[in-house]
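Note that the protein sequences, when read in sequence, are chains A and B. Position 370, counted from 1, in the first sequence is what numbering that gives the first Met the number 0 calls 369; the numbers after and before it change by one each time, with no gaps. Position 340, counted from 1, in the second sequence is what numbering that gives the first Met the number 0 calls 339; the numbers after and before it change by one each time, with no gaps. Take a look at the structure below.
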Amino acid sequence: MEFIRIADSLIRFGAEDGDYMVARGDDLIVDFTDRVKAIRFTSGYRVYIRASVGRRVGFYTSSDPSREGVEEAAKTAVEIAKVSPEDPYWVGAPRGLGLTDVEGIYDSRLAELTPDEAVDMVMSAIEGVSSSRPGVRPVRGSLRVGVRKYTIGNLNGEEVSRRGTSIFIYISGRAEEPGRSAVYTNFQSSRSLDRVKPYELGREVGLKAYEFLDAKPVSTGSYDLILDGRVAASIFRVMLSQAVSADAIQMGRSPLAGKIGRKLLSEDVTFVDDGTTPGYVGSRPCDDEGIPVRRNVLFDRGVLKTYLYDTYTANKENRRSTGNAHRSAGASTVPLPNNLILNPGDYTLEEMVGDASKGVYVLKTIGEWLSNPVSGFLNATVTHGYLISNGSIVGRVKGAVMSGDFYQLMNVKVVGLSKELHESMNSYSPHVKFEKVQLSSK
Amino acid sequence: MEFDWVLEEGARLGADYVSLLYQETVYESFTADNRNVREVSRRRERGLGIQVLRGGGLGFASTSMLDRDSIRRCLRKALATASAVGRVSETKLAEVEPVEDRAVSRFKIDPLEIDFQDKIDLVLEANKAAFVDPRVKSATTRLAVHYDRRIVKSTEGADVEVKCFTTGLSHLAVAYEAGVMERVLHQRAEVAGWEFIQESDWGEFTADLSRLACKAVGCKTPPPGSYTVVVDPEIIGILLHEAFGHASEGDLVASGASILKGRLGEKVASELVTVVDEGVVEGGYFVPYDDEGVPKRRTVVVDKGVLRGFLTSRRAAAELGGEDTGNGRCQDFQNLPIVRQTNYYMLPGDISFEELLEDIGFGIYIRGVGATGGQVDTGMGTFTFSVGPSYMVRNGELAEMVRGVVISGFILDVLREVDAVAEDLRIRTSVFGGCGKDGQMVRVGFGGPHIRVRRMTVGGG
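Set out below in structure tokens:
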């Protein structure tokens with residue numbers, strides 16, 4: 000393709016500095032219910048350009064990688080830069096591009112997966128649900144296989160490339176009996192083919208849907224809460240991804256501003272950002288500015304150690320990027336975690352349940368993304384949970400709201416972490432147990 | 000762009016049906032952050048999605064490369080995927096009358112013709128105007144302009160083009176006081192040209208949001224529990240859209256992922272509740288035709304509390320056995336149309352806002368300005384929404400402001416508990432976001448009048 004000429008075009012139109020990223024994406028997607036509905040094969044480019052003239056910066060994004068498309072993109076980016084006001088914080092485009100060695104992020108079997116093979120995987124997932132219990136069937140699902148290639152460069156003549164594969168499958172199963180019904184959804188995601196087990200996923204979804212036919216609202220009160228690792232991971236992503244971003248810190252939109260070195264969370268809590276972990280969803284050799292990724296300790300035994308930086312926010316504080324640039328649709332970058340990981344503890348789930356006298360093991364929630372990472376106010380609705388009484392599971396619950404101050408929960412209410420990690424997108428967490436948390440219900 | 004050859008070639012290669020969606024879109028965004036211009040960006044995308052039926056299987060492929068060879072490769076991929084699907088299942092499309100038409104949304108001034116400089120000046124001034132109080136810690140203002148052009152053509156003879164301009168401005172105010180931070184994010188947008196931006200006082204808009212954030216930061220959250228709730232048009236719009244609208248989407252009904260399956264003709268809400276989905280309506284998004292080229296008119300979903308219909312696309316209508324309501328929409332050329340809402344709203348009643356409050360001894364008036372959104376489980380009927388700064392209601396009158404208000408519950412319970420509907424009606428759309436489903440985002444409109452719900456679960460903390 001012609002995109003290697005972007006730097007030349009930018010210079011010719013008058014850019015003094017700048018950088019670019021060209022993303023090529025190919026996706027094979029199978030949509031299904033209790034049968035295959037359709038297959039989609041999408042293929043496209045996105046060209047991101049950031050150009051500067053003095054301290055004036057312009058951004059342009061286009062889907063057109065042709066010679067004419069790139070010329071127009073470069074020209075427009077420079078035109079925008081010329082009419083933009085000076086940005087007093089703009090120092091220059093990223094320098095020092097490079098790659099960290101990261102394993103398990105590209106699987107050629109995924110890149111070459113055929114529509115027929117994808118259909119076979121989906122049929123296996125459907126069979127898993129349908130064979131789990133009588134009266135249970137799959138009602139919704141999707142399999143998505145993605146192949147990505149990125150080329151990232153700057154006007155200094157540096158250029159790097161990275162590539163990756165991913166597979167994601169989710170299924171909703173519905174159980175029905177006269178007068179009652181229940182739906183359960185779960186997913187698997189991986190960077191390689193062999194870690195996805197569609198039949199097992201389908202079967203688990205079917206069994207859980209059946210099990211929750213008798214779920215009841217829980218009464219309002221104080222409970223020991225065990226958050227399933229996936230629920231916890233999702234909550235941590237919502238509450239911390241923005242809060243640890245230097246952009247939010249510098250703009251006064253994070254409750255963590257000015258708190259480096261302070262102990263804010265429980266001693267049991269160590270959060271890291273690590274883009275180098277083999278096979279993780281957010282792992283990659285370099286960030287969206289071409290800066291090598293690394294491991295960043297965010298909270299060490301409860302003490303806030305660092306924020307995450309891209310080149311722009313790092314330049315503001317005269318420091319170096321932490322390799323966390325993510326490029327938005329508008330071509331500017333924002334620092335965010337690559338993989339947000341809560342280090343595991345040493346409990347088993349059975350031990351956590353066994354120690355609770357009155358509790359709820361929260362299996363699924365909705366709405367955690369509506370929490371407020373600026374104020375630190377957490378809110379989520381439990382859709383599927385197990386009621387615990389005197390160390391045993393005694394029933395299934397639904398429809399309760401958990402809410403409160405996230406930092407207080409993570410500081411004084413955490414009483415246990417399980418041994419193994421579970422994922423929600425690029426966030427990883429063990430099961431987490433909190434004591435005496437308020438649940439409200441009708 | 001001339002694409003008739005693709006239809007002909009698809010048919011020649013064995014497709015029983017071919018349809019194309021050509022799309023071009025331009026999105027401009029101007030962001031000012033804490034008195035500085037943060038980002039000026041433009042995004043231009045165009046491409047072609049090809050849908051084919053062969054041997055009963057539905058296949059799809061898309062490309063952003065529009066040379067003949069790339070399109071031909073794309074067509075062959077669509078045919079290959081159709082064959083793979085045809086091996087295991089059969090897809091049917093409802094019969095529709097092919098339409099030929101061109102539709103353009105109402106606008107006076109093409110917003111893409113306005114200089115970048117004018118847009119930069121406007122967003123910067125609006126941002127500076129937000130610093131009305133020393134407690135305002137952070138202010139982000141964003142101006143956006145969106146142009147979307149879609150052409151749908153099919154081997155059945157459909158040939159529809161829809162062009163739409165949307166403009167708007169959003170503002171995030173963050174206030175800080177005594178160790179507490181509160182944010183208020185809100186936006187105003189219309190399907191309109193630059194005249195909508197010109198005719199509004201955006202400095203006043205951002206200053207108002209700052210004042211709201213400053214007032215909210217010192218407020219308490221309400222004790223969790225069950226309340227009588229007055230819901231404003233913005234929240235009833237989003238509540239209906241998320242918690243009821245999705246459940247009325249025909250594909251979810253057909254697959255069993257909706258609580259409304261099998262309930263046509265049943266009473267699902269209070270008799271004061273009538274809900275419709277309409278393609279073109281004042282304040283809403285512009286959907287005269289869906290992305291399958293089918294006209295989108297008014298669909299009555301709930302009539303005086305009784306479930307009367309579902310929203311359908313060609314596939315969903317074939318499965319459910321009803322008529323196609325023109326709700327087959329896709330995010331862009333890279334996606335297949337699925338059943339989506341257009342402008343989904345509740346029809347107004349005949350009492351005033353004051354009358355709604357009148358006989359409430361103790362309750363809450365929940366408001367949409369500053370709301371962060373909601374989520375539902377359409378299969379279980381559960382929802383949770385985070386609303387903006389709201390007011391307690393005591394003895395029929397608005398009392399103190401509260402913040403951090405979250406509502407949740409089972410949607411059918413809530414709609415049955417509606418005991419008053421006001422005469423005011425407001426419908427809104429957005430140029431910044433939309434509705435997500437199956438990984439696809441589409442622009443929608445939503446709204447309704449003020450309503451009163453006898454009992455609703457409110458969480459705070």
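Glycine included, every Cβ here is placed at the ideal spot set by N, Cα and C.
Sequence-distant partners of proline 336 (chain B) (beyond 5 residues in either direction) whose C-beta falls short of 6 angstroms from its own C-beta, in its chain, are Asp290, Glu291, Ser312, Gly327, Arg328 and Cys329.
Taking 3 residues as the minimum length, the beta strand (DSSP E) runs contained wholly in the region 350-386 of chain A are 357-365, in order along the chain. In this model, glycine 432 (chain B) and valine 333 (chain A) are separated by some 19 angstroms (Cα to Cα).
By the 16-neighbour rule on beta-carbons within 10 angstroms, tryptophan 4 (chain B) is exposed.
Those residues of the region 112-134 of chain A placed with their C-beta closer than 8 angstroms to a C-beta in chain B are Thr113, Pro114, Asp115, Ala117, Val118 and Met122, ordered along the chain.
For the region 104-122 of chain B, the set of positions with a beta-carbon nearer than 8 angstroms to some beta-carbon of chain A reads Asp114, Phe115, Gln116 and Ile119 in chain order.
The three-state secondary structure of asparagine 314 (chain A), taken from DSSP, is helix.
For leucine 271 (chain B), the closest Cβ of chain A is not nearer than 8 angstroms.
Short of 6 angstroms from the beta carbon of tyrosine 26 (chain B), and not among the five residues preceding or following it, lie these beta carbons of its own chain, in chain order: Arg42 and His145. DSSP places glycine 251 (chain A) in no beta strand (DSSP E); its state is neither H nor E. When Cβ-Cβ separations below 8 angstroms define contact, glutamate 8 (chain B) makes no contact with chain A.
For cysteine 434 (chain B), no alpha helix (DSSP H) encloses it; the enclosing beta strand (DSSP E) starts and ends at 434-436. Residues of chain B with a Cβ closer than 8 angstroms to the Cβ of proline 254 (chain A) are, in chain order, Met180. With a threshold of 8 angstroms between beta carbons, alanine 206 (chain B) makes no contact with chain A. For the pair of segments examined, the region 93-111 of chain A was found to touch the region 273-287 of chain A: the number of CB pairs separated by less than 8 angstroms reaches three. By the rule that beta-carbons nearer than 8 angstroms mark a contact, threonine 371 (chain B) touches chain A. Any Cβ of chain A closer than 8 angstroms to the Cβ of lysine 214 (chain B) would place that residue at the interface, and such an atom is absent. DSSP, reduced to helix, strand and coil, places lysine 260 (chain B) outside both helices and strands of the structure shown, so it counts as coil. When DSSP reads this structure, phenylalanine 298 (chain A) sits in a beta bridge with A:Phe270 and A:Leu303.
When the beta-carbon positions are compared, glycine 444 (chain B) and glycine 282 (chain B) come within less than 8 angstroms of each other. With the criterion set as a beta carbon lying under 7 angstroms from some beta carbon of chain B, the region 412-424 of chain A has no members that meet it. In this structure, the beta-carbon distance from leucine 438 (chain A) to methionine 409 (chain A) does not fall below 8 angstroms. Counting other Cβ atoms within 10 Å of its Cβ, isoleucine 259 (chain A) stays below 16 and is therefore classed as exposed. If you check the CB distance, isoleucine 79 (chain A) and tyrosine 47 (chain A) do not come in under 8 angstroms. Interface with chain A (8 angstroms Cβ-Cβ cutoff): aspartate 418 (chain B) is excluded.
A check of alpha carbon separations from asparagine 155 (chain A) across A:Glu111, A:Met122, A:Ser51 and A:Glu176 identifies A:Ser51 as the nearest.
Distance between valine 305 (chain B) and threonine 227 (chain B), taken at the CA atoms: about 23 angstroms. As the crow flies, the alpha-carbon of serine 428 (chain A) is around 19 angstroms from that of arginine 293 (chain A). Your pair alanine 174 (chain A) and tyrosine 209 (chain A) checks out as a contact, with CB atoms roughly 4 angstroms apart and the cut at 8 angstroms.
A contact between stretches requires three or more CB pairs, one per stretch, nearer than 8 angstroms, and the region 6-20 of chain B meets this requirement with the region 148-160 of chain B.
Flagged as an interface residue toward chain B: methionine 250 (chain A), by a C-beta distance shorter than 8 angstroms. At a C-beta separation below 9 angstroms, alanine 181 (chain A) has these neighbours in chain B: Gly378 and Met379. Nearest to arginine 451 (chain B) by alpha-carbon distance, out of B:Val229, B:Asn342 and B:Val457, is B:Val229. Under the DSSP definition of a beta bridge, glutamine 22 (chain B) partners with B:Gly46 and B:Arg149. Of A:Val381, A:Gly251 and A:Arg318, the smallest CA-CA separation from arginine 134 (chain B) is found for A:Gly251. For methionine 122 (chain A), no beta strand (DSSP E) encloses it; the enclosing alpha helix (DSSP H) starts and ends at 114-129.
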